[in-house]
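Chemist: Residue numbers (this note's numbering): 729 to 1199.
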Amino acid sequence: MKSQVQRLAGNAVALGVGGAVAQLAFTLLEVLVARELGAEAYGVFVTAYVWTVLGMYLMDFGTSLYGVQEGSRNRSRIPGLLGAGLVISLVVFFTLYCILAVVAMAFSPNPVLGFLLILFPYGLILAVQNDLAAVYSSHQTMRVNAWYQGVVPLAILSLYFAFAADGLTLPDVGFTYVIGGAVVTGVWTIFTLRRIGSRVTLEGIRSTIRSSYQYGLTGILGHVYFKADIVMLTALAGLREAGIYAAAFKLVELVFKVAVLVGRVFAPAVFKAHHESSEEFGKLAGMLVRLLSLAGLVAGISVVLLADDLILLLFGERYAASAPILRILGGVIAAKCMSVALQLLLSSADLHFRRVANMGIALTVHIAANAFLIPRLGAEGAAWAALLSSILLAVLNAWSSASQRSFRLLRWLLLPSCMAAAIVAVAVWLGMSPVAGTVVSIAVFAVGVLLAGVVKRSEIDFLFRSLVTKR
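What follows is the structure, given as structure tokens:
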């Protein structure tokens, strides 16, 4: 168990560094775009980006996660899984792009569709990156993923500054994403094919599609659920309202991506442990759920108390209306982090259908709540809809996970959630300054978690010894 923790820690450090660089670069890029072009143009960008990432999930079709699952259990299958994933991504991309071109011509001029024609190839780039990353995740050598996925946003950011030197336009932003991403991903593809190789057979493609479609459905439903509010705000409240909401939601997205990153670190080990050892699976699963739930709650506390300062620092006074929205979204951060861990448990236990079903229920509620609240409250209504559906999804996933194993989900999830909400309420009631309130609240929360037995001192000691002891 100690060696596995050390391996997880090494992967976590590598992905953490690469992920931090990537997210800082992408966040800086979006902040620059929002500041330079204004809320309405930023609304066009985020709406087109939502459709681009949806295209990525359609192109990926779950093959990358299926590749991690099967590649972790049998590495001889990796070349065939990689070849099938790349072919599926290319075929779906060309099909979707032809459809998009016809729709764009039919509804021209349309600012979102026009920009989407430029940005959409970036979806293929992301799908290819997922297939390549699955190879190294299966080998638990994620430092390779961290290197390339950290360089991509730096290349895009460099191109952004080159384009911006002569005056920035929205199409320029699309070209920076596509060109910068394509150059680095092309190098990564060549490196991987020379090192690992690939194998493409018609039967392999059919088998991959038959086995990966539930992962694909989860990805598609998850993205629609995650970004439906942006699209619905654009349609029901206008591009500016979508831009105001997107500025606040960017911080939610940052924390969510970190949670997904942690899930990717744990995924190969969890899949392998469930296949080989019930005892080790229980330990890893418990570690994953508590780590993500507590991290999400700490991030939620910080976002709620520091909302005004964070928005002003990142986006400026023109986006002051995003601060109240961000305070509501603090709870969304915590719930989404919990769901990332619980969804991984369901998939590793071959209960992926329950994961898909839970996502379908939450998505239905999310869309219905947005349709009711956005016309009445605008961006703030979208935030309340996100909070309602995120809590619902976390509850459904927790119930599905607990019905299969004796996980202490009430202690791991409900108790610390109630503690965090109470601590934030007291800090606000006392009128503490944002920074002081955040520091004190997190300290009190950490003490409460230890006293309640959510995390034990012996577990912290074990983790520390695992990290500092050489294998």
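Virtual Cβ for every residue (Gly too), placed ideally from N, Cα, C.
#1: Output the distance between the C-alpha atoms of I907 and E764, rounded to the nearest integer angstrom.
#2: Please give me, in chain order, every unbroken run of the beta strand (DSSP E) with length at least 3 that falls completely inside the segment 914–994.
#3: Would V831 and L847 qualify as a contact pair, given that the criterion is a beta-carbon distance under 9 Å?
#4: Within 10 Å of its beta-carbon, does V1037 have 16 or more other beta-carbons around it, so buried, or fewer, so exposed?
#5: Reducing DSSP to helix, strand and coil, say where A1094 ends up.
#6: Here's the rule I'm using: 16 or more other beta-carbon atoms within 10 Å means buried, otherwise exposed. How should V1163 be labelled?
#7: Just the C-alpha distance for V1183 and R1018, rounded to the nearest angstrom, thanks.
#8: Identify, in the order they occur along the chain, each residue of the same chain with its Cβ nearer than 6 Å to the Cβ of L1179, setting aside the five sequence neighbours on each side.
#9: Quick one: any contact between the segment 1078–1098 and the segment 1020–1032, if contact means 3 or more CB pairs under 8 Å?
#10: Alpha carbon to alpha carbon, how far is G1014 from G1181? Give it in angstroms, no decimals.
#11: I need the DSSP call for G908, collapsed to helix, strand or coil.
#12: Let's test the definition: count the other Cβ atoms within 10 Å of the Cβ of M833 and tell me whether it reaches 16, buried, or not, exposed.
#13: Can you check whether the C-beta of Y888 is within less than 9 Å of a C-beta belonging to chain D?
#14: Specify, as a first and last residue, the run of the alpha helix (DSSP H) that R1139 falls within.
#15: Can you tell which of G766, V781, A1069, L1057 has the C-alpha that lies nearest to the C-alpha of V990?
#16: Rounding to the nearest angstrom, what Cα-Cα distance links M729 and R871 in this structure?
#17: Hey, out of V986, A855, R805, whose CA is closest to S926's CA?
#18: Quick one, which of Q942, T780, A767, V856 has its alpha-carbon nearest G811's?
#19: Beta carbon of L854, beta carbon of D788: below 9 Å?
#20: Quick one: any contact between the segment 950–964 and the segment 908–924, if contact means 3 or more CB pairs under 8 Å?
#21: Going by the CB atoms, is the gap between A1114 and V1156 shorter than 9 Å?
#22: Measure the alpha-carbon distance for V863 versus Y905 and round it to whole angstroms.
#23: Roughly how many angstroms lie between the CA atoms of V879 and I972, to the nearest whole one?
#24: Mapping DSSP to helix, strand and coil, what is V1182?
#25: Assuming L964 contacts I1056 under a Cβ cut-off of 8 Å, what Cβ separation, rounded to an integer in Å, is found between them?
#26: Output yes or no for whether 9 Å exceeds the beta carbon distance between S1067 and L1116.
#27: Secondary structure at N1125, three-state DSSP: helix, strand or coil?
Modeler: Concretely, from the data shown:
#1: Numbered from its first residue, the sequence shown carries residue 907 at position 179. Numbered from its first residue, the sequence shown carries residue 764 at position 36. Using only the alpha carbons, I get a separation of about 21 Å.
#2: You should have found no qualifying run.
#3: As a first step, residue 831 must be located in the sequence shown, where it is residue number 103. As a first step, residue 847 must be located in the sequence shown, where it is residue number 119. Not in contact: V831 and L847 (Cβ atoms no closer than 9 Å).
#4: Against the sequence shown, residue 1037 aligns to sequence position 309. Here the sequence assigns Asp to residue 1037, which means Val is not the residue at that position. So D1037 ends up on the exposed side.
#5: Translated into the one-based positions of the sequence shown, residue 1094 becomes position 366. In the sequence on display, residue 1094 carries His and not Ala. When DSSP states are grouped into helix, strand and coil, H1094 belongs to the helix group.
#6: For this step, residue 1163 is matched to residue 435 along the sequence shown. Its Cβ having fewer than 16 others within 10 Å, V1163 is exposed.
#7: Looking up residue 1183 in the sequence shown gives position 455. Looking up residue 1018 in the sequence shown gives position 290. C-alpha separation (whole angstroms): 8 Å.
#8: Counting from one through the sequence shown, the residue named residue 1179 turns up at place 451. Result list for L1179: empty, nothing under 6 Å.
#9: Flag = no, the segment 1078–1098 and the segment 1020–1032 do not touch.
#10: One-based indexing of the sequence shown puts residue 1181 at position 453. One-based indexing of the sequence shown puts residue 1014 at position 286. Looking at the two C-alpha atoms, the distance is approximately 13 Å.
#11: Within the sequence shown, the letter at position 180 stands for residue 908. In the three-state reduction of the DSSP assignment, G908 falls in the helix class, which pools H, G and I.
#12: Along the sequence shown, read from residue 1 onward, the residue named residue 833 stands at position 105. Answer is exposed; the Cβ neighbour count stays below 16.
#13: Absent here is chain D; the protein component of the structure consists of one chain.
#14: Counting from 1 along the sequence shown, the entry for residue 1139 is found at position 411. Here R1139 belongs to no alpha helix (DSSP H), and DSSP marks it neither H nor E.
#15: The residue given as residue 990 occupies position 262 in the sequence shown. Of all alpha-carbon atoms in G766, V781, A1069, L1057, the one lying nearest the alpha-carbon of V990 is that of A1069.
#16: Mapped onto the sequence shown, residue 729 falls at position 1. Mapped onto the sequence shown, residue 871 falls at position 143. In this predicted model, M729 has a pLDDT of only 48, less than 50, meaning its place in the structure is not dependable enough to derive any value.
#17: Taking the first residue of the sequence shown as 1, we reach residue 926 at position 198. Per the Cα distances, R805.
#18: Residue mapping note: residue 811 aligns to position 83 of the sequence shown, counting from 1. Ranking Q942, T780, A767, V856 by CA distance to the CA of G811 puts V856 first.
#19: In the sequence shown, residue 854 corresponds to position 126, counting from 1. In the sequence shown, residue 788 corresponds to position 60, counting from 1. Result yes, Cβ atoms of L854 and D788 sit closer than 9 Å.
#20: Taking 8 Å as the limit for Cβ pairs, the verdict is that the segment 908–924 does not touch the segment 950–964.
#21: In the sequence shown, residue 1156 corresponds to position 428, counting from 1. In the sequence shown, residue 1114 corresponds to position 386, counting from 1. For V1156 and A1114, no; Cβs fall outside 9 Å.
#22: Counted from its first residue, the sequence shown places residue 863 at position 135. Counted from its first residue, the sequence shown places residue 905 at position 177. Each residue's Cα considered, the two are about 24 Å apart.
#23: For the purposes of this step, residue 879 is taken as the residue at position 151 of the sequence shown. For the purposes of this step, residue 972 is taken as the residue at position 244 of the sequence shown. In this structure, the straight-line span from the alpha carbon of V879 to that of I972 is close to 29 Å.
#24: Translated into positions along the sequence shown, residue 1182 becomes position 454. V1182 falls in the coil class under three-state DSSP.
#25: The residue you call residue 964 lines up with position 236 of the sequence shown. The residue you call residue 1056 lines up with position 328 of the sequence shown. In this structure L964 does not touch I1056 by the C-beta definition: roughly 18 Å separates them, more than the 8 Å allowed.
#26: Counting from 1 along the sequence shown, the entry for residue 1067 is found at position 339. Counting from 1 along the sequence shown, the entry for residue 1116 is found at position 388. Contact flag unset, no.
#27: Taking the sequence shown and counting its residues from 1, the one referred to as residue 1125 is at position 397. DSSP places N1125 within a helical segment (H, G or I) once states are collapsed to three.
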